[in-house]
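Heads up: the structure comes next, in structure tokens.
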Amino acid sequence: MRNIDYWILIPYLVLCLIGVVMVYSASAAIRMQTGGSPVNYLIKQIVFVLMGWGVFGFFASLNLDKLRTKGILGLSFGILLLALLFVKVAGRAVNGANGWINLGPISIQPAEFTKLFMIVYWADRCTKVNDELHRPSMQDYVSGLILTAILLILIIIQPDVGGFSINFAIAALIIMASGYNSRWTILIFDGLLLIGMVALPSLAKVVATGHIKNYQVARFVAFVNPFGTQSGAGSQLVNSYYAISNGGLKGVGLGNGIQKMGYLPEPNTDFILSVVSEELGFIGVFLILALLAVIICQIIRVGVRSDNMYEGLLCYGVGTFIAVEAAINVGGVTGLLPITGVTFPFISYGGSSMIALSIALGLAMNVSIRQKLRRKNQRRLQAIRQRRIG
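Position 159 of the sequence shown, counted from 1, bears residue number 161 in our numbering, the numbering being contiguous throughout.
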């Protein structure tokens, strides 16, 4: 218990508990209106949180070197590849994206677990390249980028723009943080970003004229002019604005929100932060963002202090995962970014997201514990040497 990083653990537990309360508040009324049980989502979210705590503890105590073996990485890639192919062909569609695999009463979103693969794969690959003390060849880049591109393409064609963006950001940041050269990597990623920046406005114009009807692209049109499309795709963002405005500084009180009563789509998932803003006000949102910031800053701090490159890169990947996911969600509900269906970490309803985030946080906790143990061992060795000298 002495080696546990409480700067990670306590905010994580508090956020999970806040999430359980807000999922119930956001979903109970709608479930009752549709004839369902008001505690349906509450019970499921409690189960997801308990499962998340379980995998968090498991990965916090796991030997990290076992994750980077060729067998584990190869098997993980194979499973993700098959899962992403399956969801495109026969997956369950939600909001226009075929991203879920139905397994009885639960659904699994493979793109969430792809983020974990990106973290471990690129942390391992970049570490090995630096350990071999040679300049990376084009072959080193191409093999890793092709593997990454395959997964990213399968995610974007679902289409899952949010999942694509987060996976992309994880791979890009780990590569650049490792010093894995370079010029070629920066040019490749900047080229992809440039293509996206040029293509999206053109697509939005086409959709606005009615030549293409696409749910994902319509969200970009709503982002540009939400009030002009408030009877359609823009209704999501407009009602989010109303929720934020209604909440003010202190909120209208837990459970007293209006916008969740059929006005806000996905009030317990994508737009749960809007519900928080309406019911708990700016103070509630600030508290949640502050807790998340503590986790992210501590993870980055652990990564910076690490004397092991692989462990440090794992932390950078985990920090990127959580930070980018939160930024995309906040940007979506406030109109600073297009809505992409990305949930808010630890607060939104969802099993795949909760478990993937908990695993990632478990990896960061593992690195922090290892650091503390190594520092203690070093101090003991120094004390023994000083006694011998004395």
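Cβ coordinates follow ideal geometry from the N, Cα and C atoms, glycine included.
Rounded C-beta distance between residue i and residue j? I'm assuming under 8 Å.
| i | j | result |
| --- | --- | --- |
| MET58 | GLY364 | Here residue 58 turns out to be Phe, not Met, going by the sequence shown. Yes, they are in contact, since the Cβ atoms of PHE58 and GLY364 sit about 4 Å apart, within 8 Å. |
| ILE297 | ILE10 | 6 Å |
| GLY165 | ALA92 | Actually they do not touch by this definition, with Cβ atoms about 18 Å apart. |
| SER78 | PHE119 | 5 Å |
| LEU153 | LEU86 | 7 Å |
| LEU315 | ALA179 | 6 Å |
| VAL277 | SER27 | 7 Å |
| ARG307 | GLN373 | 6 Å |
| ILE349 | MET24 | 6 Å |
| THR336 | ASP272 | In fact, because the Cβ distance is near 13 Å, the residues do not count as touching under 8 Å. |
| ASN270 | SER39 | Between SER39 and ASN270 the Cβ distance is about 14 Å, and since that is not below 8 Å, they are no contact. |
| LYS90 | ASN169 | LYS90 to ASN169, Cβ: 16 Å. No contact. |
| GLY259 | ALA245 | 7 Å |
| MET356 | GLY54 | 4 Å |
| ALA366 | VAL332 | Rounded, the Cβ-Cβ distance is 21 Å, inconsistent with contact. |
| ILE177 | TYR318 | The pair is not a contact, with the Cβ atoms about 10 Å apart (cut-off 8 Å). |
| ILE341 | PHE225 | 7 Å |
Have a look at the options and flag the residue whose alpha-carbon is nearest the alpha-carbon of residue i.
| i | options | result |
| --- | --- | --- |
| LEU17 | TYR123, VAL326 and LEU275 | LEU275 |
| GLY286 | SER308, MET311 and LEU256 | LEU256 |
| ALA328 | SER167, ARG307 and ILE74 | SER167 |
| PHE323 | PHE115, GLY253, ARG70 and PRO40 | PHE115 |
| LEU339 | LEU239, GLY181 and SER308 | LEU239 |
| ILE6 | ILE371, THR345 and ALA385 | ILE371 |
| ASN42 | GLU281, LEU291, ILE158 and PRO107 | PRO107 |
| GLY404 | MET356, PHE229 and VAL163 | For residue 404 there is no data in the structure shown, the boundaries of the chain being 3 and 392. |
| TYR265 | VAL23, ASN241 and GLY38 | ASN241 |
| THR71 | GLY230, VAL335, TYR312 and GLN388 | TYR312 |
| GLY80 | GLU268, ARG382, LEU149 and TYR351 | LEU149 |
| GLY353 | VAL344, GLN47, ASN310 and LEU82 | GLN47 |
| GLY21 | ALA31, THR36, ILE45 and ARG4 | ILE45 |
| GLY130 | ASN310, ALA325, GLY321 and LEU15 | The question names Gly, but residue 130 in the sequence shown is Lys. Nearest option by C-alpha distance: ASN310. |
| ARG33 | ALA171, ALA62, ASN248 and MET263 | MET263 |
| SER63 | ALA362, ALA325 and LYS117 | ALA362 |
| GLY305 | LEU294, LEU251, ALA125 and ILE341 | ALA125 |
| ASN248 | GLY283, ARG377 and TYR318 | GLY283 |
| LEU69 | ASN368, ALA151, GLY334 and TYR14 | ASN368 |
| LEU289 | LEU105, PHE60 and TYR14 | TYR14 |
| ASN132 | ILE103, ASN104 and GLY181 | GLY181 |
| ALA174 | PRO161, ILE159, ALA151 and LEU156 | ALA151 |
| GLY253 | GLU281, LEU293, SER360 and ARG389 | GLU281 |
| TYR8 | GLN300, LYS378 and PHE50 | GLN300 |
| ALA295 | PRO267, ALA325 and SER279 | ALA325 |
| GLY56 | ARG377, ILE391, SER360 and ARG381 | SER360 |
| PHE61 | ALA358, ARG382, ASN379 and ARG387 | ALA358 |
| CYS128 | ILE172, LEU105, ARG390 and ILE74 | ILE172 |
| ALA31 | GLN261, ARG376, GLY250 and LYS378 | GLN261 |
| ILE157 | GLN111, LEU293 and GLY250 | GLN111 |
| TYR351 | GLY37, ILE12 and PHE50 | PHE50 |
| GLY343 | LEU293, PRO267 and ARG376 | PRO267 |
| ILE12 | ASN104, SER279, ASP67 and LEU293 | LEU293 |
State the start and end residues of the unbroken alpha helix (DSSP H) segment that holds residue i.
| i | result |
| --- | --- |
| SER355 | 353-391 |
| SER109 | Note, SER109: premise wrong, no alpha helix (DSSP H); beta strand (DSSP E) at 108-110. |
| GLY181 | Looking at the DSSP string, GLY181 is not in any alpha helix (DSSP H), and its letter there is neither H nor E. |
| ASN248 | 237-249 |
| LEU75 | 72-92 |
Between residue i and the ligand ZN, is the CB less than 7 Å from at least one heavy atom?
| i | result |
| --- | --- |
| ASN310 | By its list of ligands, the structure shown contains no ligand whatsoever, and the ligand ZN lies outside what it can speak to. |
Run through the DSSP bridge pairs and tell me what residue i is partnered with.
| i | result |
| --- | --- |
| ASN104 | SER109 |
TODO: Could I get the ranges of all uninterrupted alpha helix (DSSP H) runs contained in the segment 253-336, with 4 residues as the minimum, in chain order?
DONE: 274-307 and 311-336
TODO: Output the residue ranges of the alpha helix (DSSP H) runs that lie fully inside the segment 16-56 and measure 4 residues or longer, sorted by chain position.
DONE: none
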